[in-house]
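Okay, so here's the structure we're looking at.
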Amino acid sequence: MPSSSAPVIVWFRDDLRVGDNPALVHATEAGRPIIALYVLDLISEFPRPLGTATRWWLHGSLESLRTSLLRVGIPLVLRCGPTIDVVRDLAEETGAEAVAWNRRYDPAAVALDNEVANAMHDLGVKVVTCAANLLFEPSDVTTKAGGSFRVFTPFWRAALQRGAPRVPLPLPSDRSNPLKVSGDELSEWTLRPAQSEWAHKLSRVWQPGEQGALERLSEFVDRRLNGYARARDRPDREGTSRLSPHLRFGEISPFQIWHAVRNRQGEDADRFRMELGWREFNHHIAFHHQDLHERNVQPRFDAFPWRENESSLQEWQEGRTGYPIVDAGMRQLRETGWMHNRVRMIAASFLVKHLLVDWREGERWFWNRLVDADPANNPANWQWAAGSGADAAPFFRIFNPIRQGELFDPEGSYVRRFVPELAGLPAPQIHSPWTVGEQRLKDAGVTLGKTYPHPVVDHKAAREMALDALKDLRNSSE
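Residue numbers (UniProt numbering): 1 to 478.
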């Protein structure tokens, strides 16, 4: 029987915040000593190891969490090893009364959480799990027949019919009885590369952690929510919230975001709330589909005739496709660990439908490079772009990268920022430099094939090849 001084372990994962943290609130209400634990599991990471960019972010997020927890008298314990062994050993070492955590929902995470729960039950340690990181539990939003949704609009309608999301929870009360428990030093985990210019660039762009998340939310609501519905599609403007990496690591909760705009009416607020809904939908899909990053939601795409095209894949990765809007996006990703959402769609469409490269190649590249690489959002959005996912864009809907640039970067300022070798070209010709006269190219200091590449494919010809591939897929499934 645990003594009255037996602690409660709060196991942190993708909820690296102190505010609106139900597991932490539960632990503080129990009136026992609290051990805040984060486990780095390099053996059974799921669904796969973190990418380079998310490892960089995690370091900063854990630094911030440690500071925030110390303000309420709780030290953060870092331990590296197999998750089940680490949690079990800590529970036995401290005589813990309970372990509390906030639930995760992709199948691999659910399976691991169940294993940990079973290990705790074998020790006689109470397990408390809480809903914290989605507005609506995936298992609670079902069709009338009790199944899962495949289309966003009815999913979101059904979710909203469950009632308004709960109000964010207050900060936990200050603790005066922390236990001294040994742990690793964050620097020992080498999550961030030493002496890396790339890492320095990220530091100039981002402030990981709960405080950075709250400041970004406040700034967005005060300054950029008005006009969001239209500005969100413009990579040449600061029109988005850029909250995605903070949400990915749970430095801010969707409840905090929802209630920050709860009294706002009109197209802009509705569109912003819908983006939260799309995140919910992606997690709903991930909950119901094992290995979303590897397996097509629509099995008929298993027979799609993808092409092995290493050279074109590399040109896409490096931002050297010869299509400026695509290259600008890929270079923004390389420099900042983030890419504007409209350009993500353009770049993904180009890889899949112009180059006929398997969407999984692009998804893996984004997984390693994005600071907001999320196990549900990243693969679900790639499958959306490829036409193989739930409520996906039809494969025959092929973005014209020239037209997309003209529509959403009409002055060419986004391209000029990330493809500076084209800065001397005027809009709209900057989006199709191969159509510019030789003298104008020379005046702008552009030599196609030298200072900037020729297009790797012709748009019209690539479109026809993609449609032919779709026809082959249809014929093979008949």
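Quick reminder that beta carbons are idealized off the backbone N, C-alpha and C, glycines included.
Counting C-beta pairs closer than 8 Å gives three or more between the stretch 357-376 and the stretch 329-349, which meets the contact rule. According to DSSP, residue pairing for K126 in a beta bridge involves A98. In terms of Cβ geometry, V352 and R307 do not form a close pair [threshold 8 Å]. Non-local beta-carbon contacts of L179 in its own chain, meaning distances under 7 Å to residues more than five positions away in sequence, involve P7, P33, I35 and T94 in chain order. Taking A91 as the centre and dropping the five residues before and after it, the same chain places the C-beta of I9, V99, M120, L123 and V125 closer than 7 Å to its C-beta, in chain order.
Taking 8 Å as the upper bound for CB-CB distance, E210 and G60 are not in contact here, some 11 Å apart. C-alpha of N309 to C-alpha of W316: approximately 11 Å in a straight line. Collapsing the DSSP output to three states places F272 in a helix. Secondary structure of V39 (DSSP, three-state): strand.
Straight through space, the alpha carbons of D468 and P394 are spaced by roughly 14 Å. Its Cα nearest to that of A427, the residue I325 stands out among W198, A132, I325 and D174. Of all alpha-carbon atoms in W56, L78, R55 and W57, the one lying nearest the alpha-carbon of R66 is that of L78. In the three-state reduction of the DSSP assignment, R79 falls in the strand class, which pools E and B. Counting along the chain, V10 sits inside no alpha helix (DSSP H); it lies in the beta strand (DSSP E) bounded by residues V8 to F12. Straight through space, the alpha carbons of A286 and P138 are spaced by roughly 9 Å. CA-to-CA, the gap between T28 and V72 works out to about 10 Å. Straight-line measurement puts the Cα of V456 at about 20 Å from the Cα of E438. With a threshold of 16 other beta carbon atoms within 10 Å, N377 meets it and is buried. For the stretch 306-344, the continuous alpha helix (DSSP H) assignments of 4+ residues that do not extend past its boundaries occur at 310-317 and 324-336, in sequence order. Counting only runs of 4+ residues, the alpha helix (DSSP H) found wholly inside the stretch 222-286 occupies 228-231, 244-248 and 254-260, in chain order. Assignment of L217 by DSSP, reduced to helix, strand and coil, places it in the helix class. If only uninterrupted alpha helix (DSSP H) runs of at least 4 residues are considered, those enclosed by the stretch 426-458 are 438-443. Judged by their CB atoms, A53 and G319 are not nearer to each other than the 8 Å cut-off.
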